[in-house]
Amino acid sequence: MKKSFTIIEALVAITIFSLGIIYIAVSIWQSYSMASQATERFIAAYLAQEGLEIVKNLRSENYLNERAWNNNLGAGDYEVDYNDDSLFIYQDRYLMIDSAGFYNYESGNPTIFKRKISISYPAQDQMKVTVTVFWPKKGLHQEVEQFSVTEILYNWNQ
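Numbering (the numbering used here), first residue to last: 864 to 1021.
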């Protein structure tokens, strides 16, 4: 009777130990997955803000060069990177990252991110700029994550 009780104890101990190891492994995997998602959202937020700042700079350059405040900033969907001096029609392309860490469409390593800049005019002296960054969601389904920022820019030089 004492031997069988020891075998039962050993089986229970092995089961508890195995469940503990499985719990630790699942926790580590979930932590890694959450950190990866947080990194992707952080990069998406950066890319969205960068897109908005580029449009603001183009509007400011129009003022400095004594052009209409919204010159070459018509309503539509666009893409642009940091070294462009105008917007380009949105082509649903992936951004690339170069060796200096800058995102662009011409050279570097491909990324998982796409950026769309949408411009509309809700009023005569208002430009609504929405920048949306898309990237594939990890998992079995072909779902897409997105992060958007919107700002209303004004014709402040009148």
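Heads up, the beta-carbon is just placed ideally off N, CA and C, and yes, glycines get one too.
Could you tell me whether any non-hydrogen atom of the ligand HEM is closer than 8 Å to the CB of residue i?
i	result
ASP940	By its list of ligands, the structure shown contains no ligand whatsoever, and the ligand HEM lies outside what it can speak to.
Check this for me: beta carbons of residue i and residue j, under 9 Å apart or not?
i	j	result
GLY914	ARG978	yes
PHE976	ILE917	no
LEU910	VAL994	yes
GLU924	ASP947	no
Just reading off the beta strand (DSSP E) that residue i is part of, what are its end residues?
i	result
GLN1009	1007-1017
ASP944	Where ASP944 is concerned, there is no enclosing beta strand (DSSP E), given that its DSSP letter is neither H nor E.
PHE965	Premise fails: PHE965 is in no beta strand (DSSP E) and is neither H nor E.
THR995	989-999
ALA986	977-986
Take residue i as the anchor and find which of the options has the nearest alpha-carbon.
i	options	result
VAL943	GLN893, LEU921, PRO973	LEU921
TYR945	GLY971, ASN925, TYR966, GLN1009	TYR966
PHE1010	HIS1004, LYS919, TYR984, LYS1000	LYS1000
VAL996	VAL1012, PRO985, LEU1016	VAL1012
Distance, Cα to Cα, residue i vs residue j?
i	j	result
GLU969	ALA963	14 Å
TRP1019	TYR895	46 Å
ALA838	ALA888	Nothing about residue 838 can be read from this structure; the chain reaches only from 864 to 1021.
LYS919	TRP932	10 Å
ALA873	GLN912	58 Å
PRO985	LEU1016	11 Å
Rounded C-beta distance between residue i and residue j? I'm assuming under 8 Å.
i	j	result
SER890	ASP940	In fact, because the Cβ distance is near 42 Å, the residues do not count as touching under 8 Å.
VAL992	GLU1014	5 Å
MET959	ASN972	6 Å
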